[in-house]
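Numbering (the working numbering), first residue to last: 12 to 237. Backbone N, C-alpha and C define an ideal beta-carbon position, used for all residues, glycine too. Reading through the structure tokens given below for one structure.
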Ligand SMILES: Nc1ncnc2c1ncn2[C@@H]1O[C@H](COP(=O)(O)OP(=O)(O)OP(=O)(O)O)[C@@H](O)[C@H]1O
Ligand SMILES: [Mg+2]
């Protein structure tokens, strides 16, 4: 039996800047079971990043209902959303977003320290997460001493360290060559299978579409299932 990870209806989001208005989400409906590996593709400006931000509690919608990992985000207050974000989700970005002054281990510790956890436990769990992405040997390296693919694996470890229900990845291979892209794809598939983590990936990459359990196209603020 698969439980719902995401139940969304009629999501609307408009960016406003003075007289400028952009309707980035125009009534998005989405249902995903736990354990899905969902891929969203579509043209630039279609609303993929906006949707990921909304699903991850980084941004809010104006209307619609949204339940993610059992949390009703459309009615939750700010502190509940912050807790949701820290405990249930991990984010992976195109350009890794690692802190250059910290080594790999300390970058991976950060989400646990942000929650106020003890340093010893954070270190231990960060080591475990780096093992899961095959980077135990690189703990002491700083981002500048790592390849792009390795930096992305550190970022994946940082997403995994909180034991999230859901990982949102925004163009995770956009900055990588084809060999590193394939390594990241293989890693995502393996983590999805072995840990049962739900992934939602926004991408232009055609290889990533091939691994989707659920495939969507996002265009002009509308999501359609393929
Ligand atoms: N902070 C913002 N303020 C105003 N408009 C925004 C903002 N962020 C995004 N938009 C607009 O919302 C629409 C959707 O953007 P979004 O970044 O979600 O698209 P995308 O599908 O992720 O595109 P890409 O493939 O280029 O990453 C675009 O028209 C964009 O210009
Ligand atoms: Mg985007």
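Alpha-carbon spacing of residue i relative to residue j, whole angstroms
i: residue 241; j: residue 96; result: Since the displayed the chain opens at 12 and closes at 237, residue 241 lies outside it and no answer follows.
i: residue 212; j: residue 131; result: 32 Å
i: residue 156; j: residue 29; result: 43 Å
i: residue 225; j: residue 38; result: 19 Å
i: residue 163; j: residue 202; result: 14 Å
i: residue 165; j: residue 66; result: 23 Å
i: residue 88; j: residue 17; result: 19 Å
i: residue 61; j: residue 118; result: 25 Å
i: residue 172; j: residue 223; result: 23 Å
i: residue 154; j: residue 107; result: 9 Å
i: residue 128; j: residue 136; result: 11 Å
i: residue 228; j: residue 43; result: 15 Å
i: residue 83; j: residue 14; result: 15 Å
Three-state secondary structure (DSSP) of residue i
i: residue 14; result: coil
i: residue 71; result: coil
i: residue 182; result: coil
i: residue 24; result: strand
i: residue 129; result: coil
i: residue 118; result: helix
i: residue 59; result: helix
i: residue 106; result: coil
i: residue 79; result: strand
i: residue 160; result: helix
i: residue 45; result: coil
i: residue 165; result: helix
i: residue 40; result: strand
i: residue 19; result: strand
i: residue 147; result: helix
i: residue 112; result: coil
i: residue 93; result: helix
i: residue 205; result: helix
i: residue 192; result: helix
i: residue 85; result: coil
i: residue 152; result: coil
i: residue 249; result: Shown here, the chain extends from 12 to 237; a query on residue 249 therefore has no answer.
i: residue 66; result: helix
i: residue 219; result: helix
i: residue 187; result: coil
Residue environment, residue i, which counts as buried when at least 16 other CB atoms sit within 10 Å
i: residue 100; result: buried
i: residue 26; result: exposed
i: residue 79; result: buried
i: residue 147; result: exposed
i: residue 199; result: buried
i: residue 59; result: buried
i: residue 33; result: exposed
i: residue 126; result: exposed
i: residue 188; result: exposed
i: residue 249; result: This structure does not reach residue 249, given that the chain is present from 12 up to 237, and the question cannot be answered.
Residues that residue i bridges to, as DSSP identifies them
i: residue 236; result: 227
i: residue 34; result: 25
i: residue 52; result: 228
i: residue 173; result: In the DSSP output, where bridge partners are listed per residue, residue 173 has none listed.
i: residue 213; result: 51 and 181
i: residue 238; result: With the chain covering 12 to 237 only, the question about residue 238 has no answer from this structure.
Any chain B beta carbon closer than 8 Å to residue i
i: residue 94; result: The structure shown contains no chain B, having only a single protein chain.
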